[in-house]
Amino acid sequence: MNNRHIALIVEDDKETAEDLLEILRTTECDSVIVDNHEDALATLQRKSFCLILLDLQIKAKSESIKGHVDHGRLLLRKIRQSHGDHNGTAFWLPVLIVSGFAREADEAVEVMKSGANDVIQKPLENQQVSARIRRALEDSGRTSHAVCRDKPPTQRPDFSKGVMISIPGDRIGRRTRVMVGSTPVEVTDSSLWVLLHLMVALRKGSQVHKTDLGGSTDQGFKGVSNLRNELKSALAGAEIVKNHYHGLYSFTDQVTIGECATDSLLKIGDVRISDLAKQLRKQPRTKPKKV
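Those letters in the sequence shown? Residues 1421 to 1711, by our numbering.
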């Protein structure tokens, strides 16, 4: 039985990948190396890992000519969507960003908010990388590989007494960061639009009809389902949107609205989002009507 941790290295520079492999060997870790976003996702579906070392600037596919930081950021988001378990101190599956593009403080903060456990700067310093790897494994609770086989119970957020949704206004590529309790989630503009509709309705103590959310009277509506899916990693199975049937939706009674950076939402440049941001700013905080 293998008692060594196994790490996934996502790095499209062959020399750097080999350096990381050697460093991992000194920390009692075996490794699998992939060089692009597509292969990384496929490998994660086939095999379980104890640790991920992720370069931000990677290729989209193996045949791609050049890497881009957006591919690394997107991969990090997807990893956290499917591996968002947290032990109360750190994520159960550690993801360490290894990148020269995270050199600036703002960039490092962004990837940490998106779910990275740590950021390792290039060029690599062997002792520093080894120390960061060991600390990430210890913080996650993976003190030995035997522990990795028996996933410990995770601390899920308790929304029974309510959940606050706020919008700090941070823009990450074409997504906007939303806070569900203390958990950050990055949502698309279409889901942000649905979310803002529900927020405005909550402030008014009313409900939203699917036709106001882009649906039609005689067809199904996927906007709310898409929003639920994008918030899935933060909700941990909780339901915050209620379907009243007849095409009407609202937040559940557990939801409250926190601080929303409406000025930042206006800068997105989407007329529909701007209109709702202005409405949200004007509406006083009220409790939803009982249904």
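By construction, the Cβ of each residue, glycine as well, lies at the ideal position given by its N, Cα and C atoms.
#1: If we count the other Cβ atoms within 10 Å of its Cβ and call it buried at 16 or more, is K1479 buried or exposed?
#2: Count the other CB atoms, across all protein chains shown, that sit within 10 Å of the CB of H1664; report buried if there are 16 or more and exposed otherwise.
#3: Check whether the segment 1623-1632 touches the segment 1583-1592, taking contact to mean three or more Cβ pairs, one atom from each stretch, closer than 8 Å.
#4: Run the CB neighbour count on K1687, radius 10 Å, all protein chains shown included, and call it buried at 16 or more, exposed below.
#5: Going by other Cβ atoms of all chains shown within 10 Å of its Cβ, with 16 needed for buried, is A1621 buried or exposed?
#6: Look at the alpha carbon of R1555 and the alpha carbon of Q1548, and state the distance between them as a whole number of angstroms.
#7: Can you give, in chain order, each stretch of the alpha helix (DSSP H) that sits fully within the segment 1441-1529 and has at least 4 residues?
#8: Using 8 Å for Cβ pairs, my map puts R1493 next to L1476. What's the rounded Cβ distance?
#9: Applying the 10 Å Cβ sphere with the 16-neighbour rule, what's the burial state of K1702?
#10: Can the beta-carbon of T1447 be found closer than 8 Å to that of I1553?
#11: Say whether the segment 1492-1512 touches the segment 1530-1543, bearing in mind that this needs 3 or more beta-carbon pairs closer than 8 Å, one atom from each stretch.
#12: If you drop the 5 nearest sequence neighbours on each side, which residues of the same chain put their C-beta closer than 8 Å to that of A1551?
#13: Out of curiosity, what's the CA-to-CA distance linking L1685 and L1615?
#14: For S1580, count neighbouring C-beta atoms within 10 Å of its own C-beta (all shown protein chains included) and say buried if the count is 16 or more, exposed if not.
#15: How far does the beta strand (DSSP E) with K1786 in it extend, from its first residue to its last?
#16: Let me check one thing: in DSSP terms, what residues is E1616 bridge-paired to?
#17: Just to confirm, are N1423 and A1566 a CB contact at a threshold of 8 Å?
#18: Please tell me whether L1440 and I1429 are closer than 8 Å, where the distance is taken between their beta carbons.
#19: What does the alpha-carbon distance come out to for the pair W1512 and L1473?
#20: Could you have a look at L1633 and say whether DSSP puts it in helix, strand or coil?
#21: Roughly how far, in whole angstroms, is the beta-carbon of L1651 from the beta-carbon of V1605, given that I think they are within contact range, below 8 Å?
#22: List the endpoints of the continuous beta strand (DSSP E) containing A1556.
#23: Among D1683, G1634 and K1698, which residue has its Cα nearest to the Cα of L1668?
#24: In whole angstroms, what separates the C-alpha of G1601 from that of I1585?
#25: Considering only C-alpha positions, which residue in the set C1470, Q1699 and A1658 is nearest to E1558?
#26: For K1662, which residues of its own chain have a beta-carbon under 6 Å away from its beta-carbon, when the five flanking residues on both sides are left out?
#27: Which value, in whole angstroms, describes the spacing of the CA atoms of I1677 and M1599?
#28: Are N1456 and K1481 close, meaning C-beta to C-beta below 8 Å?
#29: If distances are taken between C-alpha atoms only, which option among S1468, G1689, A1654 and D1609 comes closest to C1568?
#30: With distances taken between CB atoms, is the gap from T1596 to A1654 smaller than 8 Å?
#31: In chain order, what residues of the same chain have a beta carbon less than 6 Å from the beta carbon of V1518, not counting five sequence neighbours either side?
In short:
#1: Mapped onto the sequence shown, residue 1479 falls at position 59. It counts as buried.
#2: For the purposes of this step, residue 1664 is taken as residue 244 along the sequence shown, with counting starting at 1. Exposed.
#3: no
#4: By 1-based counting over the sequence shown, the position of residue 1687 is 267. It counts as exposed.
#5: In the sequence shown, residue 1621 corresponds to position 201, counting from 1. It counts as buried.
#6: If you number the sequence shown from 1, residue 1555 lands on position 135. If you number the sequence shown from 1, residue 1548 lands on position 128. Between R1555 and Q1548, the C-alpha separation is close to 11 Å.
#7: 1457-1466 and 1489-1502
#8: By 1-based counting over the sequence shown, the position of residue 1493 is 73. By 1-based counting over the sequence shown, the position of residue 1476 is 56. So it is a contact: roughly 6 Å between Cβ atoms.
#9: Position 282 of the sequence shown, counted from the first residue, corresponds to residue 1702. Classification of K1702: exposed, given that the 10 Å Cβ count is below 16.
#10: The residue given as residue 1447 occupies position 27 in the sequence shown. The residue given as residue 1553 occupies position 133 in the sequence shown. Taking 8 Å as the Cβ cut-off, T1447 and I1553 qualify as a contacting pair.
#11: yes
#12: By one-based count along the sequence shown, residue 1551 stands at place 131. Here the set comprises nothing.
#13: As a working mapping, residue 1685 is identified with position 265 in the sequence shown. As a working mapping, residue 1615 is identified with position 195 in the sequence shown. Looking at the two C-alpha atoms, the distance is approximately 12 Å.
#14: In the sequence shown, the residue the question calls residue 1580 occupies position 160. The residue is exposed, with fewer than 16 neighbouring Cβ atoms inside 10 Å.
#15: With the chain covering only 1421 through 1711, there is no way to say anything about residue 1786.
#16: Position 196 of the sequence shown, counted from the start, is the residue given in the question as residue 1616. The residue you asked about is not Glu; residue 1616 is Leu in the sequence shown. Bridge partners of L1616: none, in fact.
#17: As a working mapping, residue 1423 is identified with position 3 in the sequence shown. As a working mapping, residue 1566 is identified with position 146 in the sequence shown. It is a contact, given that the beta carbons lie within the stated cut-off.
#18: For the purposes of this step, residue 1440 is taken as the residue at position 20 of the sequence shown. For the purposes of this step, residue 1429 is taken as the residue at position 9 of the sequence shown. Yes. Within cutoff.
#19: Looking up residue 1512 in the sequence shown gives position 92. Looking up residue 1473 in the sequence shown gives position 53. Computed Cα separation, rounded: 14 Å.
#20: As a first step, residue 1633 must be located in the sequence shown, where it is residue number 213. In this structure, L1633 counts as helix in the three-state DSSP scheme.
#21: If you number the sequence shown from 1, residue 1651 lands on position 231. If you number the sequence shown from 1, residue 1605 lands on position 185. Rounded, the Cβ-Cβ distance is 6 Å, consistent with contact.
#22: Translated into positions along the sequence shown, residue 1556 becomes position 136. A1556 -> not in any beta strand (DSSP E); alpha helix (DSSP H) instead, spanning N1546 to S1560.
#23: Stepping through the sequence shown from its first residue, residue 1668 is reached at position 248. Comparing Cα positions, the closest option is G1634.
#24: The residue given as residue 1601 occupies position 181 in the sequence shown. The residue given as residue 1585 occupies position 165 in the sequence shown. Distance between the alpha carbons of G1601 and I1585 is about 6 Å.
#25: Residue numbering aside, residue 1558 sits at position 138 when the sequence shown is read from its first letter. That would be C1470, whose Cα lies nearest to the Cα of E1558.
#26: Here the question's residue 1662 lines up with position 242 in the sequence shown. The answer, listed in chain order, is S1670 and T1672.
#27: As a position in the sequence shown, residue 1677 is number 257, starting the count at 1. As a position in the sequence shown, residue 1599 is number 179, starting the count at 1. Going by the C-alpha atoms only, they are around 10 Å apart.
#28: Reading the sequence shown from its first residue, position 36 is the one you call residue 1456. Reading the sequence shown from its first residue, position 61 is the one you call residue 1481. Cβ atoms of N1456 and K1481: closer than 8 Å.
#29: Reading the sequence shown from its first residue, position 148 is the one you call residue 1568. Measuring from the Cα of C1568, the nearest candidate turns out to be S1468.
#30: As a position in the sequence shown, residue 1596 is number 176, starting the count at 1. As a position in the sequence shown, residue 1654 is number 234, starting the count at 1. No, the Cβ-Cβ distance between T1596 and A1654 is not below 8 Å.
#31: For this step, residue 1518 is matched to residue 98 along the sequence shown. These residues qualify, in order along the chain: L1473, D1475 and I1540.
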